[in-house]
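Notes for the one structure printed next.
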Ligand SMILES: *[C@@H]1O[C@H](CO)[C@@H](O)[C@H](O)[C@H]1NC(C)=O
């Protein structure tokens, strides 16, 4: 086999691994839900390296979600800034989704903004406390 053919087949092989990784992992979802009190609304701004999902506002009881596929290289990462309206005195950035930290293929990250902090429920499991407002 000549050198060019060898390099080409390695490249094709690598893309197949990436592609199957994407197809197998299917569609993922991030949900952010407002369960604050005292008529506060929630301002949410989510981003990844390549996507800016814009600023969205939600009343109590409402939620926001977006879906995506893990990228070919398994480096999918979304973060969101959460702010408590109407005065935006309290703010917290969260790591909304990260492929690399998954112990298995998590498909749903549901974040719940409450008065005493921000909770995460993964794939429908019990919500666990993850961030305090104005935390590190
Ligand atoms: C995601 O948002 C859409 C549009 O607002 C809504 O119809 C859908 O039920 C939501 N899905 C989840 C799982 O929250």
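Residue numbers (mature numbering (1 follows the signal peptide of the UniProt record, and there is no 0)): -26 to -1, 1 to 110.
Using N, Cα and C, we set each Cβ at its ideal position, and we do this for glycine too.
This structure is a prediction, so every number in the text was calculated from the model and none was measured.
First and last residue of the uninterrupted beta strand (DSSP E) at residue i
{"i": "residue 34", "result": "No beta strand (DSSP E) contains residue 34, which DSSP labels as neither H nor E."}
{"i": "residue 83", "result": "82 to 88"}
{"i": "residue 15", "result": "Taken as a continuous stretch (DSSP letters only), residue 15 belongs to no beta strand (DSSP E), as it is neither H nor E."}
{"i": "residue 65", "result": "65 to 72"}
{"i": "residue 8", "result": "1 to 9"}
Inter-residue CB distance, residue i and residue j (contact presumed, cutoff 8 Å)
{"i": "residue 4", "j": "residue 71", "result": "5 Å"}
{"i": "residue 65", "j": "residue 56", "result": "7 Å"}
Among the options, nearest to residue i - alpha-carbon criterion
{"i": "residue 69", "options": "59, 104, 40, 27", "result": "104"}
{"i": "residue 110", "options": "48, 60, 67, -19", "result": "67"}
{"i": "residue 100", "options": "108, 36, 85", "result": "85"}
{"i": "residue 59", "options": "38, 96, 8", "result": "8"}
{"i": "residue 27", "options": "34, 18, 63, 102", "result": "18"}
{"i": "residue 45", "options": "61, 36, 2, 83", "result": "2"}
Cβ contact (3+ pairs, closer than 8 Å) linking the stretch 22 to 32 and the stretch 45 to 56: The stretch 22 to 32 and the stretch 45 to 56 touch, with no fewer than 3 CB-CB distances between them shorter than 8 Å.
Closer than 8 Å is the cut-off here; do at least three beta carbon pairs connect the stretch 78 to 94 with the stretch 6 to 15? Two segments are said to touch when three or more pairs of C-beta atoms, one from each, lie closer than 8 Å; by this definition the stretch 78 to 94 touches the stretch 6 to 15.
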